[in-house]
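Undergrad: Here it is, the structure, as structure tokens.
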Amino acid sequence: MSIEHEYINRELSWLEFNQRVLDQAECQDNPLLERVKFLAITSSNLNEFFMVRVGGLKILSESNSSRLDIAGFTPNQQLERIRHRVRRMYLEQSDCLLNQLEPELESHGIRRMQADALSASQIEHLRHVFREQIEPVIAPIAVHRDRNFPLLVGAGVCLGVRLANEAAHNLGAVSLDGDLQDRFAVIPLGRSLSRFIYLPDETGVTYMLLEDVVTLFLEEIFGPQAVLDSTPFRITRNADITASEDVADDQVLEMKQLLAKRNVSDCVRLEISENASQPTLEFLKAVLNVSDDDLYPAVGPLDLSGYFTLASLPGFQELKDEPWPSQQSPDFPTGGDPFEIIAEADRLLVHPYQSYDPVVEFLTAAASDPQVIAIKQTLYRTARESKIVSALARAAENGKHVTAIIELKARFDEAQNIRRAELLEQAGVDVIYGVQGLKTHAKICIVVRREERGIQRYIHFGTGNYNETTARIYSDVSYFTNNPELGDDAVHFFNAITGLSVPQQLNALSAAPIDCREKLTELIHAESQNARKGGGGAITAKMNSLVDRKIIDALYEASQAGVKIRLNVRGICCLKPGIPGLSENIRVVSIVDRFLEHARIFHFHHDGDNQVFISSADWMNRNLDRRVELMIPVVDAECRKRLIHTLETYFHDNVKALQLDADGAYHPVQSGPQQAPFRSQYALYQEASDMFTAYTNPKATVFKAHRGETA
């Protein structure tokens, strides 16, 4: 079997994930404004995909690289397939907005206005808004041939304006070809202005998009008869630029320079209204150095990620998801001492079904507890108003030895992390800027406490970031332990990073890029050996992405040995399941629902001695070879049991789960004729609710219904 037939291309697999998100925007079972949110997510996802993945492929293509990916494609072949797939997705996004969502929104009183439908009073209202709020902010830029095209910030919507020659000549513009026929100006619409301009409406919500309002009043900028046409457009710049860490002594300065480079990097995508005039289109292509390959005409509005604003409209509760508030864990009662609770037994939280508050309270308590002498923590992405960062600063101010490893290379969070680092340094925290050449992606917090029984280490391991905001919408796991062996390993691991040294032998934890890959391979091979001996090997795992070829090959080998393998892979999956003689014992499902599936949980049957792990790492080359990651064995029996149950819950889903075929296509999981609808995220939410109800009212009778809910 050829390489192309054994693996799925990473980029095309990611695009199929984005299609699954788009499917949720088109799903009639979802509330209307939630569908708008899913549409915005697909656009936001594509933005990052072009900035990073397409940007990287463009660099390879321009260097004439013939390097093959896991599916045997060259960079040029990948770019060709990406363009074809993305253009299909663009058409589907536009159809979803214009022909599905907007008509339904209008039936509920939410209406987007076009200029030709405005009344005289509405025009006057918009004119006032334009003069008072918009015109003072925007700045039209006449485009000159004898200097560079204006430096436009990528991802923002702009207006390209073609002017009659007299008006343009007065502005000092010179056309691209030097004649005096057409002149051009650009109006960046800026990030400080709202994309949605609302009109008075006592019965509902009526709005226009910012670019349509500015277009309506262009004569107030350029004078009467000056504008021949105007076109919304948007550029995406290459963000696949890395810091030259091997020569950088000052990582903060290097990262600031990198951020500046992104603002002037090449344009890898030009989105423009399909109604653009040919002169304007050709002009923009020329000055931006963009070929037709990187041109993406849009039917309808550009930058649908802006529709997050519409999805968050106040009111309209009937058009939004029924609230699933995070439940308090019975293990962490209000007012309880977190250290006493963790010392009693290991504790497990499944977010966001269970509240993230205990993680915040763990740090808050440590900051003021006189018995705490040190805190060590990694930070990758944090909330804007982070209580965790504040707790670390307060702990240092209270005289505790606080060390924070802040990853400056957390893509698109670099600027915020620089500010966080400076704030913590001012408070007296010892800040370490990650590891040279690697991203520190592990999620660990160690609290060292002096007690009567001696020095104790309390550790929090997580699968998600220390971010209170995303913890409400990301599905992750928190594991608290006072286990001495895990404590020893945690300290050795952390000190190796801060001391830039090779860690001492870890007895329980596995760390990338040191031995995480080897440990995973060993666990997979052990299942193969057990299966060959008739022991019935089994692997059940949940992750965001599966890309690493060596791990995939080990899974193929295990499948051929008879190991039953079930994989819950939210996003990219380069493995092809169900191929006779190769992967017939492998099943892959993906779940896209209201919460972003983010936890990494691995269960190996291990001849009946269940081995369960949580991890910060996906099964990807970058995680296993180029990042500092942790894979943590869950040593507590009750916590293991809970995680195994959580994994099993996902594989019963027949409402939101899609199953991957060998050809790379996904289809809904088929349920039997007597099988009730089962939605895994709803089931986990109900279980968290039932756990708290049983704790607060142990005498109450809790009727446990079949999981037929789809709401």
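For the sequence shown, this note's numbering gives the first residue as 1364, with consecutive numbering after it. C-beta: ideal position from N, C-alpha, C; glycine also. Source: prediction; values computed, not measured.
#1: Candidates V1955, K1806 and E1788: which alpha carbon is nearest I1836's?
#2: Run the CB neighbour count on D2084, radius 10 Å, all protein chains shown included, and call it buried at 16 or more, exposed below.
#3: Do you know offhand how far V1384's Cα is from L1402's?
#4: Among D1392, R1446 and E1369, which one has its Cα closest to the Cα of L1375?
#5: Quick check on the burial criterion: 16 or more other C-beta atoms within 10 angstroms. Buried or exposed for A1480?
#6: Does the beta-carbon of S1555 have 16 or more other beta-carbons within 10 angstroms, so that it is buried, or is it exposed?
#7: The alpha helix (DSSP H) with C2101 in it runs from where to where?
#8: If you count every other CB in all the chains shown that lies within 10 Å of the CB of V1500, and 16 or more means buried, which is it?
#9: Suppose you measure from the CA of K2019 to the CA of V1792; what does that come to, to the nearest Å?
#10: Please classify S1953 as buried or exposed, where buried requires at least 16 other C-beta atoms within 10 Å of its C-beta.
#11: By the 10 Å Cβ neighbour count, where 16 or more other Cβ atoms means buried, how is D1684 classified, buried or exposed?
#12: Could you check how far apart the C-beta atoms of Y2029 and E1379 are, in whole angstroms? I think they sit under 8 Å.
#13: Starting from Y1821, follow the beta strand (DSSP E) in both directions and report where the run begins and ends.
#14: Does DSSP put L1872 in a helix, in a strand, or in coil?
#15: Given a threshold of 16 other Cβ atoms within 10 Å of its Cβ, counted over all protein chains shown, does V1521 qualify as buried or as exposed?
#16: Quick check: what's the CA-CA separation for S2034 versus V1951?
#17: Are at least three pairs of beta-carbons, each pair with one atom in the segment 1669–1677 and one in the segment 1400–1420, less than 8 Å apart?
#18: Terminal residues of the continuous beta strand (DSSP E) containing Q1690?
#19: Rounding to the nearest angstrom, what Cα-Cα distance links N1973 and K1905 in this structure?
#20: Rounded to the nearest angstrom, how far is the Cβ of F1493 from that of V1576, given a contact under 8 Å?
#21: Between the alpha carbons of E1369 and V1798, how many angstroms are there, rounded?
#22: Here's the rule I'm using: 16 or more other beta-carbon atoms within 10 Å means buried, otherwise exposed. How should R1895 be labelled?
#23: By the three-class DSSP mapping on this structure, what secondary structure does L1755 have?
#24: Output yes or no for whether 8 Å exceeds the beta carbon distance between A1548 and P1595.
#25: How would you write the range of the alpha helix (DSSP H) that M1452 sits in, first residue to last?
#26: Tell me the DSSP secondary structure of T2059 in three-state form.
#27: Just tell me which of L1396, D1432, T1766 and L1676 has its CA closest to the CA of I1371.
#28: State the start and end residues of the unbroken alpha helix (DSSP H) segment that holds S1470.
#29: Would you tell me roughly how many angstroms separate the C-alpha atoms of E2050 and F1965, rounded to the nearest one?
#30: From the DSSP output, read off the bridge partner residues of N1931.
TA: In short, the structure shows the following:
#1: V1955
#2: Given that the chain is displayed from residue 1364 to residue 2074, the structure contains no residue 2084 and the question cannot be resolved.
#3: 8 Å
#4: R1446
#5: exposed
#6: exposed
#7: Outside the shown range of the chain, which is 1364 to 2074, sits residue 2101, and nothing can be said about it.
#8: exposed
#9: 44 Å
#10: buried
#11: exposed
#12: 6 Å
#13: G1817 to G1825
#14: coil
#15: Before going on, a small fix: residue 1521 reads as Cys here, not Val. The residue in question, C1521, is buried, as its Cβ has 16 or more Cβ neighbours within 10 Å.
#16: 16 Å
#17: yes
#18: Element bounds for Q1690: n/a, residue is neither H nor E.
#19: 16 Å
#20: 6 Å
#21: 35 Å
#22: exposed
#23: helix
#24: no
#25: P1438 to D1458
#26: helix
#27: D1432
#28: E1465 to S1470
#29: 21 Å
#30: K1905 and V1952
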